[in-house]
Amino acid sequence: MLTELELHYSYIFEKELLEEISRVGTIKEVPAGTTIMNIGQYIKSMPLLIDGAIKILREDDDGDELLLYFLEKGDTCAMTMSCCTGNKKSEIKAVAELDTKLVMIPIDKMDEWIGTYKSWRNFVLDSYHNRLMELLETVDNIAFKKMDERLLKYLKDKVAVTGTKLIKSTHQEIAYELHTSRVVISRLLKKLETNKVLVLNRNSLELL
DNA sequence: TCATTAACACGGG
DNA sequence: CCCGTGTTAATGA
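Counting from 6, one number per residue, gives the positions in the first sequence under the numbering used here.
Structural data, given as structure tokens:
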């Protein structure tokens, strides 16, 4: 496990911390599409992403979803950090976007390390900052941008996260994540296709 | 003006 | 047939 950790975290953490993580952490592998965390669940350990990607969603009372942001390798979940210290329930839903590999760290350790490792403390603070920035960006998108821009950003993010220009989603799935209707997505996608931005297929589409 | 909802036709698997 | 897709008409914000 140590070598996998070093691959993505050696620039951030000192050797002793990496070794300690590999001692107390456990590897968890989840296939794409798995719901890792649901709203209302209690959080018992903190994930560090080794490989893959996770999407973070907010859900309303009716079960309607809204994509907040993606987590990639080297990231961690800021919501977990704010929740687990107080043994609170999760406010968000996390779904594996790709096949994902995580290191799970017991929550009492993450508290302890804030005192003992400066690099850990910085990592935690940086993570908070990064998540907050991403959240602000999505708020901007929702508040100020039109659906066509939101859709384009969504597609570009998806391409960046998955590392392939082929997006395997139906119009309905995209509509759910952007919290709109399929009619709108179909229409906007069609417009993007005529503008030569992408190519439409059944069950998938490809950015150009 | 633009999103939503419902409804319908088309076509591929 | 079922599902994803494209399109339209009605309604509302």
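A virtual CB, placed ideally from N, CA and C, is assigned to each residue, including glycine.
In this text the structure is predicted, and so the values were computed from the model without any measurement.
Where DSSP assigns a beta bridge to residue i, which residues make up the other side?
i: Leu54; result: Leu107
i: Ser209; result: Asn206
i: Leu160; result: None, per the DSSP bridge assignment.
i: Met42; result: Ala99
i: Thr81; result: Leu53
i: Arg63; result: Leu71
i: Ile17; result: In DSSP, Ile17 forms no bridge with anything.
i: Glu34; result: Lys106
Beta strand (DSSP E) containing residue i: first to last residue?
i: Phe75; result: 70-77
i: Ile48; result: Careful: Ile48 lies outside any beta strand (DSSP E) and carries neither H nor E.
Grab the span of the alpha helix (DSSP H) containing residue i for me, first residue to last.
i: Ile29; result: Sequence check: residue 29 is Val here, not Ile. 20-29 is the extent of the alpha helix (DSSP H) around Val29.
i: Ala180; result: 176-183
i: Ile112; result: 112-121
i: Lys195; result: 187-199
Kindly give me the distance between the Cβ atoms of residue i and residue j, rounded to whole angstroms, as I take these residues to be in contact under 8 Å.
i: Asp270; j: Ala180; result: Shown here, the chain extends from 6 to 213; a query on residue 270 therefore has no answer.
i: Lys98; j: Glu142; result: Between Glu142 and Lys98 the Cβ distance is about 19 Å, and since that is not below 8 Å, they are no contact.
i: Glu11; j: Leu23; result: 6 Å
i: Met86; j: Met51; result: 7 Å
i: Arg155; j: Leu183; result: 6 Å
i: Ile17; j: Lys106; result: Contact doesn't hold; Cβ gap of about 17 Å is too wide.
i: Glu139; j: Tyr74; result: 4 Å
i: Lys173; j: Asn208; result: 6 Å
Taking Cβ positions, are residue i and residue j nearer each other than 8 Å?
i: His13; j: Gly79; result: yes
i: Val129; j: Ile119; result: yes
i: Ser124; j: Thr81; result: no
i: Met152; j: Val189; result: yes
i: Glu198; j: Leu171; result: no
i: Glu102; j: Ile59; result: yes
i: Tyr47; j: Asn92; result: yes
i: Leu62; j: Glu70; result: yes
i: Pro111; j: Val29; result: yes
i: Ser95; j: Ile44; result: yes
i: Leu213; j: Lys196; result: no
i: Ile26; j: Val100; result: no
Could you tell me which uninterrupted alpha helix (DSSP H) segments, each at least 4 residues in length, are contained entirely in the region 125-174, listed from first to last along the chain? The region 125-174 contains these whole alpha helix (DSSP H) runs: 152-167.
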